[in-house]
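Chemist: Before we start, here is the structure in question, set down as C-alpha cells.
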Amino acid sequence: MSKMYQAIVVGAGPAGSSAALTMARAGLDVALVERGSFPGEKNMFGGVLHRLPALEEVFPDFWTRAPLERHIIKKGVTFMTGDSSFNTTIEAGNFDRPPYNGYTVFRPRFDSWLAEEAVKAGATLITRATVENVVLRNDRVAGVTILDRQGEINAPVVVAADGVLSFTAKKAGLRQPTFDPAQMAVGVKALIDMPREVIDERFGLVRDQGFANEFVGCTGGVRGGGFLYTNYDSLSVGLVFHLASLRTSGKTPYDLLNDFLEQPQVAKMVRGGRLQEYSAHLIPEGGYNMIPELVGDGILVTGDAAALCNATGLNLEGINLASQSGVLAGKAVVAAHEKGDFSRRGLQEYRRLMNDSYVIKDLKLYRKAPHMLHNDRIYNEYPELVCSVMEYIYRIEGAPKENLSKLFLKTAREKVGLANLAADAFSAWRAL
Ligand SMILES: Cc1cc2nc3c(=O)[nH]c(=O)nc-3n(C[C@H](O)[C@H](O)[C@H](O)COP(=O)(O)OP(=O)(O)OC[C@H]3O[C@@H](n4cnc5c(N)ncnc54)[C@H](O)[C@@H]3O)c2cc1C
630 MSKMYQAIVV GAGPAGSSAA LTMARAGLDV ALVERGSFPG EKNMFGGVLH RLPALEEVFP
690 DFWTRAPLER HIIKKGVTFM TGDSSFNTTI EAGNFDRPPY NGYTVFRPRF DSWLAEEAVK
750 AGATLITRAT VENVVLRNDR VAGVTILDRQ GEINAPVVVA ADGVLSFTAK KAGLRQPTFD
810 PAQMAVGVKA LIDMPREVID ERFGLVRDQG FANEFVGCTG GVRGGGFLYT NYDSLSVGLV
870 FHLASLRTSG KTPYDLLNDF LEQPQVAKMV RGGRLQEYSA HLIPEGGYNM IPELVGDGIL
930 VTGDAAALCN ATGLNLEGIN LASQSGVLAG KAVVAAHEKG DFSRRGLQEY RRLMNDSYVI
990 KDLKLYRKAP HMLHNDRIYN EYPELVCSVM EYIYRIEGAP KENLSKLFLK TAREKVGLAN
1050 LAADAFSAWR AL
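Structure, rendered in C-alpha cells:
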C-alpha cells in the first residue's frame, strides 16, 4: 500500500475524528488511520461527554444526532471513610435545559459515529491499521508506515491523535520516549447492567436525566478517586489512581475496584446490578507542564497525545479538549494547504489557535492542580475530618454541644494538624 493524501490523521478517537471531519468538510483528501477493527473498539473512559464548542461550530446539529445516553443534571461528591460517608450534591435547573452541560456516552458507539461523520464528509477511514513509524523526507514528516502491511501512506502533514502513549509524536521527536509515572493516572471501570426504572428510582431521576458522582477516600490509601455515572440502563463505576502512587502501594487496580464496589455506600448503589465488563486505560494527568511541543515540520499533536487532559480533582475533562484541539489542528492544516507551507512555521497557526482557546487557557489556569493532588492527606485524613465533623453535627447524645468552630479546629488538629491544614488550604487556593 502506498497512497498520497492531503493529510493523514493517526487515531480515530475524539481528537482524530474531529480533525478529520474539519479537514474533510473543507474539501481536503484525508486518511483517518485507526488500529482497532472499528473506531472506539479499544477506547474507554468514565464517562461524561462535556460540551464541544469547536465541533458544534463545524457541526451545528451535533447534539441532536450523536448517540448519547443521559444528560447530567445532578453532580455529587462523596467523602468516604471505612463506614461513614458525607455527600454533597448539586442539582441545577440549568443542567436540565438544552444546551445540556454533559452526557454519558459509550465510546465504541460514540467514536464509531463521529468517525462515520468524518467519512460522510469525505475522509477515508482505514481500520485495523496500526501506525508503527513516521516517514521522514528532508527531516520533515511526510507520511506514516503501517504495521504488518509493509506499506506507507504519504501526505505533506500528519495529525498525531493516537492517544496517551502517542507513538507518532514520539517517533517524530515531539515527545520523550518514556513517560513519567508521576504525570500519569490509570483508570479502571466496571460496567454494571441495571434496569432503567431501577436507576431512575435509586438516583431520583426522570426522563433522560443522569447523575454523576465522584468519591474521595475510597482508594485504599492510594492517591486517586472514584466515580459512578448513570447510563440509560447501566452504571459506569470506577476508580482513577495516580500511577506512581499505585506502583508504590503494590496493590492491583482490580482488587481496589472490587473493594470499592463492596464498600457499604457503593454496594447499595450497585445492588442487584449485573457486571457486564471491566476495562482500564491510562490518563495523562500532568496538566499544563506535561504538554509537549505541539507542532513540528509536517506534524501536529492533538488530544491525549499532547496531554490535553484537565484533571483538577473536581472534574475530569478530556474528550472536550481532545475534540477542540482536533478541530483547531484541522483548521490549521486547511490554512497550511492554502499557503502551501507545511513546515513548523507554516503550521504555527495551530499553536496560535490553541493559545487563544479554552484548552490551553484552562490548563494554564489549573497548572498547579496536579501538584496539589500529590498530597496523601486529600485521600485519607480529609475525608475522615469531613465525616467526623458532620457526624458530630448530627449526633444527638443528650450532652451539651461543643462550639462548632472549636470542634472543627480540635478535629483538624487531631486528623490533619493545623500547620498542614493551613498549608493545604493555601495550596488548594493557589491551584483552583
Ligand atoms: C477511566 C477514565 C475516565 C475518563 N473520564 C472522562 C470523562 O468523564 N470525561 C472526559 O471528557 N474525559 C474522560 N477521560 C479522558 C478521555 O477519555 C480522553 O482524554 C480522550 O479519550 C482523549 O481522546 P483522544 O482522541 O486524544 O485519544 P483516544 O480516545 O485515546 O483515541 C486515540 C485513538 O488512536 C488509536 N491509536 C492509538 N495508537 C494507534 C496507532 N499506533 N495507530 C493507529 N491508531 C492508533 C486508538 O485505538 C484510539 O482510537 C477519562 C479517561 C479514562 C481512562
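Residue numbering for the sequence shown follows our numbering, beginning at 630 and increasing consecutively.
The beta-carbon is built from N, C-alpha and C at its ideal position, and this holds for glycine as well.
#1: For F715, which of helix, strand or coil comes out of DSSP?
#2: Report the three-state DSSP secondary structure of H966 (helix, strand or coil).
#3: Using alpha carbons as the reference points, say which of L929, L911, E686 and T717 lies closest to P810.
#4: With the cut-off set at 8 Å, would you say Q838 and R699 are in Cβ contact?
#5: Looking at the structure shown, is N767 part of a helix, part of a strand, or coil, going by DSSP?
#6: Once the 5 residues before and after T1040 are set aside, which same chain residues still bring their CB inside 8 Å of it?
#7: Can you tell me the Cα-Cα spacing of G959 and D768, whole angstroms?
#8: Leaving out five residues before and five after A798 in sequence, what residues of the same chain have Cβ atoms less than 7 Å from its Cβ?
#9: Which residue or residues does DSSP assign as beta-bridge partners of D822?
#10: Report the residue ranges of all beta strand (DSSP E) runs contained in full by the segment 885–953; include only those spanning at least 3 residues, in chain order.
#11: Would you decide whether A655 is buried or exposed? Buried here means 16 or more other CB atoms lie within 10 Å of its CB.
#12: Is the beta carbon of D777 within less than 7 Å of some heavy atom of ligand 1?
#13: From S646 to E663, what does the alpha carbon distance come to, in whole angstroms?
#14: Taking DSSP as the reference, what is the three-state secondary structure of K704?
#15: Report, in whole angstroms, the separation of the C-beta atoms of V899 and L950, which I expect to be a contact under 8 Å.
#16: Sorted by chain position, which residues of the same chain lie with C-beta nearer than 8 Å to G853's C-beta, five sequence neighbours on each side aside?
#17: Three-state secondary structure (DSSP) at S1056?
#18: Using DSSP with H/G/I as helix, E/B as strand and the rest coil, what is K990?
#19: State yes or no: is the C-beta of M1019 nearer than 7 Å to some heavy atom of ligand 1?
#20: Here's the rule I'm using: 16 or more other beta-carbon atoms within 10 Å means buried, otherwise exposed. How should D777 be labelled?
#21: Of all the options K818, G879, F844 and P999, which has the alpha carbon lying nearest to the alpha carbon of S863?
#22: Quick one: any contact between the segment 882–891 and the segment 733–740, if contact means 3 or more CB pairs under 8 Å?
#23: In terms of alpha-carbon separation, which member of K997, Y1023 and V924 lies closest to A965?
#24: Please state if the CB of F808 and the CB of G675 are separated by a distance shorter than 8 Å.
#25: Using only alpha-carbon positions, find the residue among V677, L904, M709 and M919 that is nearest to I702.
#26: What are the residues that DSSP puts in a beta bridge with N783?
#27: Roughly how far, in whole angstroms, is the beta-carbon of D888 from the beta-carbon of G849, given that I think they are within contact range, below 8 Å?
#28: Pull up the CB-CB distance for P643 and G932, whole angstroms please, since I reckon it's below 8 Å.
#29: Closer than 7 Å to a non-hydrogen atom of ligand 1 - does that hold for the CB of T710?
#30: Mind checking which residues open and close the alpha helix (DSSP H) that includes V1018?
#31: With distances taken from CA atoms, which of L992, V845, G833 and K997 is nearest R720?
#32: Taking the beta carbon of P893 as the centre, do at least 16 other beta carbons fall within 10 Å, making it buried, or is it exposed?
#33: Using only CA atoms, which one of L1050, A936, A1060 and D791 lies nearest to G942?
#34: Taking 7 Å as the cut-off, is the C-beta of H910 nearer than that to any heavy atom in ligand 1?
#35: Does the separation of the CB atoms of M823 and G705 fall below 8 Å?
Modeler: Working from what's here:
#1: strand
#2: helix
#3: L911
#4: yes
#5: coil
#6: L1014, S1017, V1018 and Y1021
#7: 22 Å
#8: A789, R804, P921, V930 and A934
#9: S863 and R903
#10: 903–913 and 928–930
#11: buried
#12: no
#13: 10 Å
#14: strand
#15: Going by Cβ atoms, the distance from V899 to L950 rounds to 30 Å, so no, they are not a contact pair.
#16: A814, L868, V869, F870, H871, S874, L875 and Y1008
#17: helix
#18: helix
#19: no
#20: exposed
#21: K818
#22: no
#23: V924
#24: no
#25: V677
#26: M633 and G772
#27: 6 Å
#28: 7 Å
#29: no
#30: E1010 to Y1023
#31: A small correction: the amino acid at residue 720 is Glu; Arg does not occupy that position in the sequence shown. For E720, the nearest C-alpha among the options comes from G833.
#32: exposed
#33: A1060
#34: yes
#35: no
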